[in-house]
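Participant: Those letters in the sequence shown? Residues 9 to 263, by the numbering used here.
Glycine included, each C-beta is placed from N, C-alpha and C at the ideal position.
None of these values were measured; they are calculated from a predicted model.
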Amino acid sequence: MLVDTHTHLDAEQFDEDREETISRAVEQGVTRMINIGFNRETIPTTMKLAESYDFIYAAVGWHPQDAITMKEEDLDWIAELCRHEKVVAIGEIGLDYYWDTSPKDVQHAVFRKQIGLARELGMPIVIHNRDAHEDTVRILREEKAQEVGGVMHSFSGSWETAKLCLNMGFHLSFGGPITFKNAKQPKEVLKQTPLDRLLIETDSPYLTPHPHRGKRNESAYVHLVAEAAAELKGLSFQEIAEITTRNSLERFSIR
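#1: Let me know if residue 24 comes out buried or exposed under the rule of 16 or more other beta-carbons within 10 Å of its beta-carbon.
#2: Within the same chain, show all residues whose beta-carbon is closer than 6 angstroms to that of residue 259, passing over the 5 residues directly before and after it, in chain order.
#3: So, residue 226 versus residue 210, is the Cβ gap smaller than 9 angstroms?
#4: Can you say whether residue 204 is buried or exposed, counting buried as having 16 or more other CB atoms within 10 angstroms of its CB?
#5: When the Cα of residue 164 is compared with those of 137, 19, 45, which residue comes out closest?
#6: Taking only three categories from DSSP, how would you classify residue 229?
#7: Kindly give me the distance between the Cβ atoms of residue 176 and residue 157, rounded to whole angstroms, as I take these residues to be in contact under 8 angstroms.
#8: If the criterion is Cβ atoms closer than 9 angstroms, does the pair residue 42 and residue 13 meet it?
#9: Taking C-alpha atoms, which residue in 57, 59, 122, 62 lies nearest to residue 83?
#10: Classify residue 116 as helix, strand or coil using the three-state DSSP reduction.
#11: Assuming residue 40 is part of the alpha helix (DSSP H), what are its boundary residues?
#12: Could you spell out the range, first to last residue, of the alpha helix (DSSP H) harbouring residue 14?
#13: Starting from residue 181, trace the beta strand (DSSP E) in both directions and tell me its first and last residue.
#14: Any idea what DSSP makes of residue 161, helix, strand or coil?
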């Protein structure tokens, strides 16, 4: 049993073979997938997937790259969707200083609003953090995100940053980069991450693990992430599969 805690199966890269892609994941033992709806276009397609497959769940939120497009009615829309039985988190939300698509002050405001909504609804949050470690942690702390906790998606920070996130009750999720030969930092952080806070993901169709790097990623490849995590932790594949599956179901309150 494996859980892909972060995927984008509704992406256009899967338009020609989406059903086959999902079937391949199931054949690889992926029993649950959490699809991420992160803007006005992908939230409806994420919800459609979650409603079409028993084993696909949804997280809905507003991505920092799209922060400049968010309106108050969008926040109300997310709040309404959070009442849906298949919606398990608000996300992905956070900060992205790599892509210059939304001003930092706008990203901060949208991030804070969504943390506030999560606290109001008692929902965990899925955090996108790219090149914004200090501000991400600061805002999480100032907005009392520890009251709901959540997941640091595709964690790429230092162990010092990881400890700050762990102290706020967050899980750390790792994907394809832990299979990359030169990705020393995520490997070292994973080694130190407590087993009860460890999650795995693909972020498909992006961040494809070795040996498929450079090609389209898909949820079936989460088994490659699990294999790498098992090796780094000195555990068997089965042990990592059981641990990360249990953590996923508990974190997202999935039966």
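Facilitator: Well, looking at it:
#1: By the neighbour-count criterion, in which a residue is buried when 16 or more other Cβ atoms sit within 10 angstroms of its Cβ, residue 24 is exposed.
#2: Only 179 meet the Cβ criterion.
#3: Cβ distance < 9 angstroms, so residue 226 and residue 210 count as in contact.
#4: So residue 204 ends up on the exposed side.
#5: Closest option to residue 164, Cα to Cα, is 137.
#6: In the structure shown, residue 229 sits in a helix (DSSP, three-state: H, G or I).
#7: Under the criterion of beta carbons closer than 8 angstroms, residue 176 and residue 157 qualify as touching, at roughly 7 angstroms.
#8: Cβ distance < 9 angstroms, so residue 42 and residue 13 count as in contact.
#9: Nearest of 57, 59, 122, 62 to residue 83, Cα basis: 122.
#10: DSSP, reduced to helix, strand and coil, places residue 116 within a helical segment of the structure shown.
#11: Segment 38-45 is the beta strand (DSSP E) holding residue 40; no alpha helix (DSSP H) there.
#12: Bounds of any alpha helix (DSSP H) do not take in residue 14; it lies within the beta strand (DSSP E) bounded by 10-15.
#13: For residue 181, the enclosing beta strand (DSSP E) starts and ends at 178-182.
#14: For residue 161, the three-state secondary structure derived from DSSP is coil.
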